[in-house]
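Written out below as structure tokens is the structure these notes cover.
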Amino acid sequence: DKRIGILTSGGDCAGLNPVIRAVVHRAIGTYGWEVLGICRSTLGLMTNPPDVTKLEIDRVDSLLTMGGTVLGTTNKGDPFAFPMADGSLCDRSHEIIDNYHKLGLDALIGIGGDGSLAILRKIAQQGGINLVGIPKTIDNDVGSTEISIGFDTAVNIATEALDRLHFTAASHSRVMILEVMGRDAGHIALNAGIAGGADVILIPEIPYTLEKVCRKIKERQVQGKNFSIVIVSEAVCTEAGDLIKKMDRFGECRLGGIGQYLAEEIAGASGAETRVTVLGHIQRGGIPSPQDRLIAAAFGVEAVDLIAAGKYDHVVTWQNRQVGCVPITEAIGQYRAVDPQDTLVKTARGLGICLGD
Ligand code: F6P
4 DKRIGILTSG
14 GDCAGLNPVI
24 RAVVHRAIGT
34 YGWEVLGICR
44 STLGLMTNPP
54 DVTKLEIDRV
64 DSLLTMGGTV
74 LGTTNKGDPF
84 AFPMADGSLC
94 DRSHEIIDNY
104 HKLGLDALIG
114 IGGDGSLAIL
124 RKIAQQGGIN
134 LVGIPKTIDN
144 DVGSTEISIG
154 FDTAVNIATE
164 ALDRLHFTAA
174 SHSRVMILEV
184 MGRDAGHIAL
194 NAGIAGGADV
204 ILIPEIPYTL
214 EKVCRKIKER
224 QVQGKNFSIV
234 IVSEAVCTEA
244 GDLIKKMDRF
254 GECRLGGIGQ
264 YLAEEIAGAS
274 GAETRVTVLG
284 HIQRGGIPSP
294 QDRLIAAAFG
304 VEAVDLIAAG
314 KYDHVVTWQN
324 RQVGCVPITE
334 AIGQYRAVDP
344 QDTLVKTARG
354 LGICLGD
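Under the UniProt record's numbering, the sequence shown has 305 at position 302, and the numbering climbs by one with no breaks.
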């Protein structure tokens, strides 16, 4: 019999609750183990007593359709340099390790993006923690897996936003610009842009010129289409190569900006009336899509099976319609940006979508 812990780390996304549900079903239903949910990521192991909750099958059944994470999460406070009340930074990793052992945990499932998985692995290596990782992020930038939990729902939401913007664009003869998340990767913009019929898709991986973008808008006008739809990733730079980042008071978050820049530049250069929508955290919430629920189910079951097999220090993956696993170091060492040779880039070009280059 085993006692395992599970935590969600980093930004929330749709699909976290379904993965918690899947882990509980497999661990308790199949193996008869005990599952402790650790609250607010590693913060739950930095308190005394630790902030944990016992998970049971009948407690998790309602989680399938719920966004967010019932365990809570945080993307602030690296345990190795934890911000203290007096402004100093303190290494608190040993508290996490001590509590893992005090709780009598045999293994820990950590659900996170590349940043969180890297931190969790460092703690695990230092403290003899049997860690298995599950990749989640709307950005879909974790290496070694084609899909991370949360990405599909985010693409659905961005696509729906484009569908809606089409009507206003056409009714008012406007250029509507949708700024989407993705951190440094353009996966959300590329996928939603194709699915939502955008005329221009701008992603950080493909440098653009405003001239090409405006030419596309003009071409459409000549064809009698007096409106255009532009989707842009948050990390796209200005034409001069400057990254527009508005920092919050923690000095970290991007709060939008490139959409507004493009709106002003396009209006100035083409005379078109422009409007911007910054989709923001809408992309992270809501009901998980069927695909996110499926991937969550597959990842949850596989993670528990890896523990049963004693295969730690691995992260579950999705490749060629197969669930599998790779060493965590492999996944976190291979940041996955959009490959300019990607089949979807080719598809977008084939449809006549302007990628700005
Ligand atoms: O990594 C997920 C993500 O949503 C990014 O796409 C975005 O840049 C960032 O997190 C926003 O972070 P926060 O929730 O701290 O504003």
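By construction, the Cβ of each residue, glycine as well, lies at the ideal position given by its N, Cα and C atoms. Treat the numbers as computed from the prediction; the structure is a model and nothing was measured.
Here LEU111 is not near LEU92, since their CB atoms are 9 Å or more apart. The three-state reading of DSSP puts SER147 in coil, since its state is none of H, G, I, E or B. Taken through DSSP and simplified to helix, strand or coil, ALA110 comes out as strand.
Per DSSP, the continuous alpha helix (DSSP H) segment holding CYS217 begins and ends at 213-225.
Checking the DSSP bridge columns, you'll see THR320 partnered with GLY327.
Each of VAL281, MET87, GLU222 and VAL55 was checked against the Cα of GLY259, and the nearest Cα belongs to VAL281. Taken atom to atom, the span from the alpha-carbon of ASP54 to that of ARG186 is near 30 Å. Excluding residues up to 5 positions away in sequence, ARG177, VAL178, ILE180, ALA266, ILE269 and ALA270 lie with their Cβ nearer than 7 Å to the Cβ of THR277 in the same chain. Per DSSP, the continuous beta strand (DSSP E) segment holding THR277 begins and ends at 276-281.
Classified as exposed, ASP342 has fewer than 16 neighbouring CB atoms from the shown chains inside 10 Å of its CB. For HIS169, the shortest C-beta to heavy atom distance toward ligand 1 is 8 Å or greater. Burial of GLN286 is indicated by the presence of at least 16 other C-beta atoms within 10 angstroms of its C-beta. DSSP places GLY336 outside both helix and strand once states are collapsed to three, so it counts as coil. Inter-residue distance for CYS42 and GLY14 is about 14 Å (C-alpha atoms, whole angstroms).
Here DSSP, grouped into helix, strand and coil, assigns LYS139 to strand. For ILE9, the enclosing beta strand (DSSP E) has its first and last residue at 6-11. Ranked by Cα distance from ASN143, the first of LEU168, ALA188 and ALA172 is ALA188. Remark: C-beta atoms of ALA201 and VAL158 do not approach each other more closely than 9 Å. Less than 9 Å separates the beta-carbon of ALA334 from that of VAL318.
Here the alpha carbon of ILE197 sits roughly 11 Å from the alpha carbon of CYS357.
With a cut-off of 8 Å, the C-beta of THR140 is classified as near ligand 1, since at least one heavy atom of the ligand falls inside that distance.
ILE209 carries a coil assignment under DSSP once its states are collapsed to helix, strand and coil. Between GLY130 and ILE100, the CB-CB gap stays under 9 Å. Nearest to ALA275 by alpha-carbon distance, out of ASP4, SER147, ASP316 and ALA172, is ALA172. Taking 8 Å as the cut-off, one finds no heavy atom of ligand 1 near enough to the beta carbon of GLN294. Using a Cβ distance threshold of 9 Å, LEU58 and LEU39 count as a contacting pair. Shortest Cα-Cα distance from VAL145 to any of HIS175, PHE170, SER96 and ASP117 involves ASP117.
Rounded to whole angstroms, the gap between the alpha carbons of ALA127 and GLY136 is 11 Å. About 6 Å separates the Cβ atoms of VAL183 and SER236, confirming a contact at the 8 Å cut-off. According to the DSSP assignment, ARG177 belongs to the beta strand (DSSP E) that extends over 177-183. For ILE41, the uninterrupted beta strand (DSSP E) run begins and ends at 37-41, by DSSP. With a threshold of 8 Å, the Cβ atom of HIS284 counts as near ligand 1, since some heavy atom of the ligand is closer than that.
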